[in-house]
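To start, the structure itself, in C-alpha cells.
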Amino acid sequence: MNKTPLALLLAATLMAGHVHAQTTAGGAAAGSDASATDNGGWSGSGEFGFASARGNSRSENLNAKLGLSQENELWRNNFFLNGLRSKGEVSVKDAAGNTVNRFSTTANRYDSGASVGYKLDPRSYIVGALRYEHDDFGANLWQGTVSLGYGYIALKSQRTELSFEIGPGYKRYRPADEQQDVNGTTLKVRQPTQGEAVARGLANFKYRLTDNTAFEDTLLTEAGSKNKYYQNDAGLSVSMTKKMALKLGFQVRYNSDTQPGSKSTDTLTTTNLVYNF
Numbered sequence: 003m004n005k006t007p008l009a010l011l012l013a014a015t016l017m018a019g020h021v022h023a024q025t026t027a028g029g030a031a032a033g034s035d036a037s038a039t040d041n042g043g044w045s046g047s048g049e050f051g052f053a054s055a056r057g058n059s060r061s062e063n064l065n066a067k068l069g070l071s072q073e074n075e076l077w078r079n080n081f082f083l084n085g086l087r088s089k090g091e092v093s094v095k096d097a098a099g100n101t102v103n104r105f106s107t108t109a110n111r112y113d114s115g116a117s118v119g120y121k122l123d124p125r126s127y128i129v130g131a132l133r134y135e136h137d138d139f140g141a142n143l144w145q146g147t148v149s150l151g152y153g154y155i156a157l158k159s160q161r162t163e164l165s166f167e168i169g170p171g172y173k174r175y176r177p178a179d180e181q182q183d184v185n186g187t188t189l190k191v192r193q194p195t196q197g198e199a200v201a202r203g204l205a206n207f208k209y210r211l212t213d214n215t216a217f218e219d220t221l222l223t224e225a226g227s228k229n230k231y232y233q234n235d236a237g238l239s240v241s242m243t244k245k246m247a248l249k250l251g252f253q254v255r256y257n258s259d260t261q262p263g264s265k266s267t268d269t270l271t272t273t274n275l276v277y278n279f
C-alpha cells in the first residue's frame, strides 16, 4: 500500500490534536455564543443521512459528515471528516455472457482535512492546510494535498461572513485504473502515482436568512499543470431546535484530467439531519 495518503491523513489528525491543545492560550472566541467562548472558541456539527428503497428496484445510500471549527483572538482552525457509501442494482454479464442484475456498491468515498490559521490581525491570517481523499469510483483513486497560504476575512457580521484563502501547495494523487481490452477481455491497468505543485484557493460564504435558516457555500480550488480540481459545496439548513437542524446540500466536483470512459464532473445531493455542538 502506498504510504503517502496514510501519512497525509495521520498528519491531518495530528494537526487537529495540536490545534485543540492551543485552546487554553487562544483567548475568548469571537461572537456571542457563550458556550463557544467557554471552550476557547470551538464549535462543531455532525450530519447523517440514509435512504433505502426496496420493491421494483433496490438501493441504499449513506452519508455522514463531521466538522469542527475554532475561532478566537489568535486562531482560526477547521477540521472535517466525510464519508459516502451507496449500493444499487447494476447490470453485469455473468460467466456465460448473460446480462444479470446484481446488488453492488456504486459509491465509496471518504475524505478528511484540517487547516490551522494564525491571525496576524482581526481580519488576516496565515493558514496551513492538509486534505486527503479516497474514492473507489472517482477520477482519482486517492489524492492528498498540503499547502501554506494567506487568509483574509472580507466581511463578518451577525448575519454574513465572507472569507478567502490562497497559497501554493503540493499534491500527490493516483489516477483511477485504466480499462484496457486484451484479447476480448477487459482488464484494469494500475496507473502510476503522480505529483505536482498546485495553487490552492478557498472561498467561504455564510448568510443567515432568518433566525432559524442559514445558507453556506464553499468553493475549493487545487489547480496544477496536470490536473485542475474544483469542489463546490452549497447547503441550506433549517433549525428545528437549538441543537438539531435539517440540511439540504448540493456538491459539485470537477477533475480536468480523467481516464477514458470517466466523467470529469460528479454531483451529490443530500438531505441530512444535523446535530450542532
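If you're matching positions, the sequence shown starts at 3 in the numbering used here and goes up one per residue. Where is the CB? At the ideal position from N, CA and C, for every residue including glycine. No experiment lies behind these values; they were computed from the predicted model shown.
Exercise for review: Flag this pair as touching only if the segment 151 to 162 and the segment 99 to 111 have three or more C-beta atom pairs under 8 Å; answer yes or no.
Suggested key: The segment 151 to 162, when compared against the segment 99 to 111, does not touch it at the 8 Å Cβ threshold.
Point to revise | N-terminal and C-terminal residue of the beta strand (DSSP E) that residue 50 is part of | key: Where residue 50 is concerned, the enclosing beta strand (DSSP E) stretches over 44 to 55.
Check your understanding: Nearest CA to the CA of residue 123: which residue from 240, 45, 69 and 73?
Key -> Checked all of 240, 45, 69 and 73; the closest Cα to residue 123 is 73.
Review point. Under a Cβ-count criterion, where at least 16 other Cβ atoms within 10 Å of its own Cβ denotes burial, should residue 182 be classed as buried or exposed?
Key: Per the 10 Å Cβ criterion, exposed.
Check your understanding: Between which two residues does the beta strand (DSSP E) carrying residue 131 extend?
Key -> Note, residue 131: beta strand (DSSP E), 126 to 137.
Review point. Is it the case that the Cβ atoms of residue 70 and residue 81 are separated by a distance below 7 Å?
Key: In contact: residue 70 and residue 81 (Cβ atoms closer than 7 Å).
Practice item. Can you check DSSP and say which residues form a bridge with residue 93? Key: According to DSSP, residue 93 bridges with 103.
Check your understanding: Where does residue 259 fall in DSSP's three states?
Key -> Residue 259 carries a coil assignment under DSSP once its states are collapsed to helix, strand and coil.
Check your understanding: Hey, quick one: how far does the beta strand (DSSP E) through residue 1 stretch, first residue to last?
Key -> Here the chain has residues from 3 to 279 only, and residue 1 is not among them.
Practice item. State the Cα-Cα distance for the pair residue 93 and residue 152, rounded to the nearest angstrom. Key: Taking the straight line joining both Cα atoms gives about 49 Å.
Exercise for review: For residue 274, count neighbouring C-beta atoms within 10 Å of its own C-beta (all shown protein chains included) and say buried if the count is 16 or more, exposed if not.
Suggested key: Classification for residue 274: buried.
Practice item. Please look up how many angstroms separate the CB atoms of residue 231 and residue 257, rounded, as I've assumed it's under 8 Å. Key: Their Cβ separation, rounded to whole angstroms, is 6 Å, which keeps residue 231 and residue 257 in contact under 8 Å.
Practice item. Find the nearest neighbour of residue 260 within the set 180, 218 and 200, judged by alpha-carbon distance. Key: By alpha-carbon distance to residue 260, the top candidate from 180, 218 and 200 is 180.
Review point. In angstroms, rounded to a whole number, what distance separates the CA positions of residue 160 and residue 250?
Key: Rounded to whole angstroms, residue 160 to residue 250 spans 22 Å at the Cα level.
Practice item. Give the straight-line distance between the Cα atoms of residue 1 and residue 163, rounded to the nearest whole angstrom. Key: The structure shown does not extend to residue 1, since the chain spans only 3 to 279, so no value can be given for it.
**Study point:** residue 266, DSSP secondary structure in three states
**Key:** Note: residue 266 maps to coil in three-state DSSP.
Point to revise | Continuous beta strand (DSSP E) stretch holding residue 67: start and end | key: Per DSSP, residue 67 belongs to the beta strand (DSSP E) from 61 to 73.
Check your understanding: Can you list, in chain order, the residues of its chain whose CB lies under 7 Å from that of residue 211, leaving out five sequence neighbours each side?
Key -> Excluding positions up to five away in sequence, the list reads 217.
**Study point:** Continuous beta strand (DSSP E) assignments of at least 3 residues falling wholly in the segment 173 to 240
**Key:** Unbroken beta strand (DSSP E) runs of no fewer than 3 residues, entirely contained in the segment 173 to 240, are found at 180 to 184, 187 to 191, 196 to 212 and 215 to 226, following chain order.
**Study point:** Spatially closest choice to residue 220 from 253, 90 and 47, by CA coordinates
**Key:** Nearest in C-alpha terms to residue 220, of all of 253, 90 and 47, is 253.
**Study point:** Nonlocal neighbours in the same chain, by C-beta distance under 6 Å from residue 268, ignoring five residues either side
**Key:** Cβ within range, chain order: 255.
Check your understanding: Apart from the five residues just before and just after residue 262, which ones in its own chain have a Cβ nearer than 8 Å to its Cβ?
Key -> If we look at residue 262 and ignore the five residues flanking it on each side, its Cβ neighbours are 180 and 181.
Exercise for review: For residue 141, count neighbouring C-beta atoms within 10 Å of its own C-beta (all shown protein chains included) and say buried if the count is 16 or more, exposed if not.
Suggested key: When all chains shown are included, residue 141 counts as buried.
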